[in-house]
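Data first, discussion second: the structure below is written as structure tokens.
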Amino acid sequence: KNQVEQSPQSLIILEGKNCTLQCNYTVSPFSNLRWYKQDTGRGPVSLTIMTFSENTKSNGRYTATLDADTKQSSLHITASQLSDSASYICVVSSNAGNMLTFGGGTRLMVKP
Amino acid sequence: GAVVSQHPSWVICKSGTSVKIECRSLDFQATTMFWYRQFPKQSLMLMATSNEGSKATYEQGVEKDKFLINHASLTLSTLTVTSAHPEDSSFYICSATSGISYEQYFGPGTRLTVT
């Protein structure tokens, strides 16, 4: 069964600090892995998308890593801002990208 | 970038009535559209996949006669919740793909409250 597990479920950090969110998956066949940011009451917004051959990808203060051998990914947020408070969802796709398996998300709260 | 809109952004309806939610791809042709439901503090759950001009494919446990999906054009898909019940209250999100890339572009969501 295809599964995506994220940890931690929730996280509180102080503004300006860094944090790392984890994602483990058992999806086969693997097509790509995506990280989304979802603000409360809004749809998910794509942060990064990585294929099998990509180990790291950055989008501003967000850096995602992918280890396809261990089936793990991480999302590192640098110098957090209050606006980073949101749910971060790891999504793994198979079957040419149309079949998505969603992780449960990590709810991040950045406090001043 | 590709933009997907939803209308309305929120709706309140009475039990037993039907409500229609629209999903539009504004600047690209969406060969496939997806409808998701999200309950509070939970992740998105796929309800159905629709391709333009053909019947939607529903996920196990989703009643196709209750959640009617129409994908009549390459830029518009609609989800109609029929005979709504309070347990249908949820956040409904659509997404669309162009078929050119892997990317799924998500709409902003529609908050449905059934009283």
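Chain order of the listed sequences is H and P. Read the first sequence against the working numbering and you will find it ends at 112, with the numbers running on by one and no gaps. Read the second sequence against the working numbering and you will find it ends at 227, with the numbers running on by one and no gaps. C-beta atoms are modelled at their ideal positions from N, C-alpha and C, and glycine is treated no differently.
Asked	Found
Chain-ordered neighbours of residue 102 of chain H on chain P, where CB pairs are closer than 9 Å	148, 155, 156, 157, 158
Residue 107 of chain H - partner residues in DSSP beta bridges	H:10, H:87
For residue 160 of chain P, the residue or residues it bridges with in DSSP	P:147, P:170
Residue span of the beta strand (DSSP E) that contains residue 208 of chain P, given as start and end	202 to 209
Beta-carbon proximity list for residue 4 of chain H, same chain, < 6 Å, skipping 5 on both sides	25, 90, 92, 101, 103
Beta-carbon contacts of residue 112 of chain H that lie in its chain and below 6 Å, excluding the five residues immediately before and after	15
Contact under 8 Å by Cβ, residue 222 of chain P with residue 152 of chain P	no
With 16 other Cβ atoms within 10 Å as the buried cut-off, status of residue 159 of chain P	buried
Helix, strand or coil at residue 47 of chain H according to DSSP, with G and I counted as helix	strand
Amino acids of chain H, ordered along the chain, whose beta-carbon sits closer than 7 Å to that of residue 205 of chain P	43
With 16 other Cβ atoms within 10 Å as the buried cut-off, status of residue 145 of chain P	buried
Members of the stretch 3 to 17 of chain H near chain P, C-beta cut-off 8 Å	none
Nearest candidate by alpha-carbon position, reference residue 207 of chain P, set P:124, P:143, P:173, P:166	P:143
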